[in-house]
Amino acid sequence: MGILGGTFDPVHIGHLRAAIEMRDALDLAEVRLVPAHVPPHRAQPAAGAEHRLALLRLAVRGVPGLAVDDRELGRAGPSYTVDTLTALRAELGARSLCLLVGDDAFRGLPTWHRWQALFDLAHVVVMRRPLPPGGTDTLPAELTRFLRGREAHGVAALAGSPAGLVWQQAIPPLDVSATRIRALLRAGHGARFLMTDSCLRYIRDHHLYTD
Ligand code: ATP
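Numbering (my numbering), first residue to last: 6 to 216.
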């Protein structure tokens, strides 16, 4: 199983294609999109949790192997990824679990709560997009040190053990972000072809992402 966390404010084709690319490249039976509860002291999503969740459910409807997991929204406070993975691990037993993270998020991994424990619970799979001009793919030294000896030698290794490996998976880039979509909608331009028509209808019907 694969887990893709995010704010999903709103979910768009970048998320959906990434989930599908990972499903197919890693031969995952299921990729779960896990919307995050955003702590009160952080910048709040433009849409409420119930709307972000409804949009996700619409987006994955009928897509084989894609599902939505709302456990982080069900809890009263914010969740740490390590807590979410602990709960999933209890359900999965010794089955393989892959935490899917964007390369930008991966570089910041050492700032995550109990980040080293993540590897006791899941494999970490980095979704690699080509570097933007002038971009850097240098990892923090402590992350590089920690990863030594944990590199998977192929995708098959991920399925063959429950947790503990790191794997970099290249995905074709789609230059779309929720930030840009919110800006388009706010400006009244619409976001057709950047997200599913079902989501666009929901956004229109609920008057989301307009000021
Ligand atoms: P925002 O623009 O509001 O920061 P976002 O579009 O980056 O949002 P998130 O909810 O922060 O979306 O992303 C959740 C996950 O999806 C992250 O791991 C992120 O790296 C990944 N992701 C976001 N956009 C893309 C994309 N275009 N292609 C591949 N992965 C993406």
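Heads up, the beta-carbon is just placed ideally off N, CA and C, and yes, glycines get one too.
- Inclusion of valine 181 and histidine 17 in the CB contact set at 7 Å is warranted, their separation being smaller than that value.
- For serine 182, the shortest separation between its Cβ and any heavy atom of ligand 1 lies below 6 Å.
- For leucine 136, the shortest C-beta to heavy atom distance toward ligand 1 is 6 Å or greater.
- Inter-segment contact for the stretch 74-85 and the stretch 34-44 is present: three or more beta-carbon pairs are separated by less than 8 Å.
- Assignment of beta-bridge partners to methionine 132 by DSSP yields Gly107, Gln174.
- Assigned with DSSP and collapsed to three states, arginine 185 falls in helix.
- Alanine 175 and glycine 195 have their C-alpha atoms roughly 30 Å apart.
- With contact defined as three or more Cβ pairs closer than 8 Å, the stretch 99-106 and the stretch 51-67 are not in contact.
- The C-beta distance from leucine 136 to valine 129 rounds to 19 Å, too long to meet the 8 Å contact threshold.
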